[in-house]
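Student: Residue numbers (this note's numbering), protein chains in the order written: chain C, 45 to 320; chain G, 241 to 531; chain L, 604 to 959. Glycine is no exception: its CB is placed at the ideal position from the N, C-alpha and C atoms.
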């Protein structure tokens, strides 16, 4: 029997996939591997020593904790925002909808300097606060909340929009209270996208640099975030140190994203390809 | 025949509450909370940028913008955009094409790969290229022998930017192309169209708005990128400073008004980006057949 | 141009969509691939088109082996279930696409293309819509554009995937008539896929009934309706009454009903008798010994015939009978009446392979 040629009706599979893989490998995979190759050269001992240094640990803990808190706040308010934007009407709704994208479109440095100015002791907001906002952990959290606003909102919004109102009507007609309907019928539908948005906001916040360094104060052991520490070590030509921290950050970020991904799959069906 | 009795509905004072919404007072509270949140975190900062920029008057504002280092920064930012955007478009279209029109194993891995830059801190994105191309780096000696400078120069900045912006256009196009399906392309093939003809006349017109939308998102991120470029650029004034880096320098030198002047420029671009995106959003919705 | 399909098989994932199918489609005929969803009919059509490739087997157009040729080179016309019109082109541009896409060397001139497109617009009666966009057309109009577009390139064979599936009943009927007329005018070999038996019986010269990736029966509409070859065909085309039992003394006996068994079936074998509703005769009195008593439970006039549901008193199960208007009025039946039925035509099948 003659050999069968596998022919796709639509052309360009080989080229497009090949190009994509080559590009992604060269641009992303290989450079990232450099981080791990370099760290492995230090050996486990060297790696642990570098990362175990108390300053490094402080920076890592600070980055992850503030990111977690900020992402949680964004989870809550993002959900509220999405709900209000999709379901209610009020004057100025479209403007607020547009503003949600601002942190995404605005350069982080711009966000950084304006937040630092606002929350300093003389700033518009800072002067009214009983606590120190700028140059403290609180300032860091504020900046991370700012940059994370779009993530949850934009993930939850489309799901809310596509939600079938008949489900809620069915629940209500069966006697469920509004709160029960929201809790048991609607919220489970939103959970996957909520988790996805939270995960993205978290990942973004952990690595955030530009919007944080102006407001943080950058004091070692207190308000020094991990990315800044990497930067500092680079300027001192301590490539090993920088790489070690980067490796740890990457591993933990990937792990957390993986967990969130798994949780998300658990609570959702697969997203299937739609044919027209 | 008996007259049928008509029962008049008695007018009710209370309107029946719709089954699928919350009582009005709950709505009001939620809206208020949300507006306060947005006001505090988004609106006030946006306004503050401009007030700070003009704090010393319009003259200082314009002087700051046309100052040579600022202009050089603007020019560099534009050059980076001009180089990286076409590359990102080609990558995005290729990725969306491969993923949405074909069946193959490992599609999920590819999607995760494309998402990877989102999960990486911009500083690390810059770091990896330092590890590769700086004089202490892996390829450092090789580059020196050819007298090539990648980091602390334009190529490094472009590479770091490409790393960070890789996902944008692909992530925009993939859902669009998936929703449109392959039938129009298959129809074109049955009618005898070659691959390129089909792509030019059937595929591209259909993804037009999604592509523009993605390109605008990508551009906004490109010109605003700070962390990665900061690591890789060497901060050489007038030469390797993009506009965001220039802003940082001004701020650290306490030239607040100048810093905010430049910042206001970037904010205008950001707001323009958002407005254009929202206009395009409706056009994109039309492409998916929602008219 | 005739199509020969030899031993085609196709799997999707673990699912066997097409299972060793061989089929000959004569030149110029309008053939229906009829079956329920999952029967493999669309998969087979796409394999004929070259849109999918079979795992095993061969496809011949006349004598030419096209098995490894792609859809682009096969010179077929394909009409998709959801039309697949190019949404950003006008009706005119959609139809003209096939000729415009030709490489410069063999492309007709603009004027020629224009003339041909206008001919086709006249044929599908859409001259006034040439500058409209698909979004602005009704389902039936879009379907006609899709057909015109496929025909313009003068394909060797026309393939249609559930062409009328997405339209409502009245439009479907009109388009069916229109397709028959078109086929008479153009005389190109055509294959269409449908799950609607009425459509297949109405339109096709030849019907191929498919089920679970296999062919159940091939025949003219008359043949497959009057002489179904398998229980599946019986049940898929129209309704059927079932009588079960074992063969005893050369007959299947179910209550008083008796069905003569053919010789090759042995005694004591389990069989099922299939009887169409219009082969169930109704009498006021038990004229024959093999009649059973039933009570009339429902009467439904449907067009020129009357469907009657009856309840057998001996087994307490329901049967369906169908009478012409005249027969019905002659008998003057009412709900609750007790009457007698027998089968005056039937077919016996051995149930081992056939699950109900």
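1. Three-state secondary structure (DSSP) at residue 811 of chain L?
2. Between residue 142 of chain C and chain G, is the shortest Cβ-Cβ distance under 8 Å, so that the two count as touching?
3. If I measure Cβ to Cβ from residue 103 of chain C and keep anything under 7 Å in the same chain, skipping five residues before and after, which residues do I get?
4. Contact criterion: CB-CB distance below 8 Å. Does residue 446 of chain G meet it with respect to chain L?
5. Using the C-alpha atoms, what's the distance from residue 225 of chain C back to residue 815 of chain L?
6. Closer than 7 Å between beta carbons: that is the criterion. Which residues of the stretch 695 to 723 of chain L meet it against chain G?
7. Considering just the uninterrupted stretch of the beta strand (DSSP E) at residue 941 of chain L, what are its terminal residues?
8. Report buried or exposed for residue 301 of chain C, applying the criterion of at least 16 other Cβ atoms within 10 angstroms of its Cβ.
9. Among C:142, C:177, C:253 and C:111, which residue has its Cα nearest to the Cα of residue 194 of chain C?
10. Please report how far the alpha carbon of residue 734 of chain L lies from the alpha carbon of residue 324 of chain G, in whole angstroms.
11. Between G:479, G:518 and G:521, which lies nearest to residue 315 of chain G when the distance is taken from Cα to Cα?
12. Quick check: the Cα distance between residue 209 of chain C and residue 512 of chain G, rounded to an integer number of angstroms?
13. Which partner residues does residue 877 of chain L have in the DSSP bridge list?
14. Is the CB of residue 112 of chain C under 8 Å away from at least one CB in chain G?
15. Quick one: Cα of residue 798 of chain L to Cα of residue 668 of chain L, how far?
16. Let's test the definition: count the other Cβ atoms within 10 Å of the Cβ of residue 56 of chain C and tell me whether it reaches 16, buried, or not, exposed.
17. Keeping to the same chain, check which residues put their C-beta closer than 7 Å to that of residue 604 of chain L; ignore five residues upstream and five downstream.
18. Output the distance between the C-alpha atoms of residue 327 of chain G and residue 413 of chain G, rounded to the nearest integer angstrom.
19. Along chain C, in chain order, which residues have C-beta atoms closer than 7 Å to that of residue 674 of chain L?
20. Would you say the stretch 354 to 373 of chain G touches the stretch 398 to 417 of chain G, given that touching needs at least three Cβ pairs under 8 Å?
21. Spatial neighbours of residue 168 of chain C within its chain, please: CB distance less than 6 Å, with the 5 preceding and 5 following residues excluded, ordered by chain position.
22. Using a beta-carbon distance cut-off of less than 7 Å, what residues from the stretch 171 to 205 of chain C approach chain B?
23. Check each residue of the stretch 419 to 449 of chain G: if its Cβ is closer than 7 Å to any Cβ of chain C, include it; give the result in chain order.
24. Which stretch, first to last residue, makes up the alpha helix (DSSP H) that contains residue 163 of chain C?
25. Determine the direct distance from the alpha carbon of residue 230 of chain C to that of residue 106 of chain C, and round the result to whole angstroms.
26. Between residue 683 of chain L and chain G, is the shortest Cβ-Cβ distance under 8 Å, so that the two count as touching?
27. Could you tell me which chain G residues have their CB closer than 8 Å to the CB of residue 169 of chain C, listed as they occur along the chain?
28. Taking the straight line between their C-alpha atoms, what separation do you get for residue 372 of chain G and residue 378 of chain G?
29. Do residue 691 of chain L and residue 415 of chain G have their CB atoms nearer than 8 Å?
30. In terms of DSSP beta bridges, what is residue 609 of chain L paired with?
31. Using the Cα positions of residue 879 of chain L and residue 824 of chain L, report the straight-line distance between them to the nearest angstrom.
32. Quick one, which of C:199, C:109 and C:174 has its alpha-carbon nearest residue 145 of chain C's?
33. Over what stretch of residues does the beta strand (DSSP E) that includes residue 900 of chain L continue unbroken?
34. So is residue 492 of chain G buried or exposed if we call it buried at 16+ other beta carbons inside 10 Å?
35. Leaving out five residues before and five after residue 808 of chain L in sequence, what residues of the same chain have Cβ atoms less than 8 Å from its Cβ?
36. Considering Cα atoms alone, identify which of L:610, L:624 and L:860 is closest to residue 820 of chain L.
Tutor: The structure says:
1. strand
2. yes
3. 268, 269, 270 and 273
4. yes
5. 43 Å
6. 700, 701, 704 and 705
7. 941 to 946
8. buried
9. C:142
10. 40 Å
11. G:479
12. 35 Å
13. Beta-bridge pairing links residue 877 of chain L to L:845 and L:950.
14. Not closer than 8 Å to any Cβ of chain G, the Cβ of residue 112 of chain C fails to qualify, so no.
15. Rounded to whole angstroms, the separation of the alpha carbons of residue 668 of chain L and residue 798 of chain L is 29 Å.
16. Around the CB of residue 56 of chain C, 16 or more other CB atoms lie within 10 Å, so the residue is classed as buried.
17. 630, 664, 665, 759, 760 and 792
18. Roughly 15 Å separates the two Cα atoms.
19. 53
20. Output reads yes: the stretch 398 to 417 of chain G touches the stretch 354 to 373 of chain G.
21. 162
22. Absence of chain B from the displayed structure is noted, the protein chains being C, G and L.
23. 419, 420, 421, 422, 423, 425, 426, 429 and 435
24. 152 to 163
25. 35 Å
26. yes
27. 280 and 284
28. 5 Å
29. no
30. L:661
31. Between residue 879 of chain L and residue 824 of chain L, the C-alpha separation is close to 16 Å.
32. C:199
33. 895 to 905
34. Taking all protein chains in view, the Cβ of residue 492 of chain G is surrounded by fewer than 16 other Cβ atoms within 10 Å, so the residue is classified as exposed.
35. 632, 633, 634 and 823.
36. When each option's Cα is compared against that of residue 820 of chain L, the closest is L:624.
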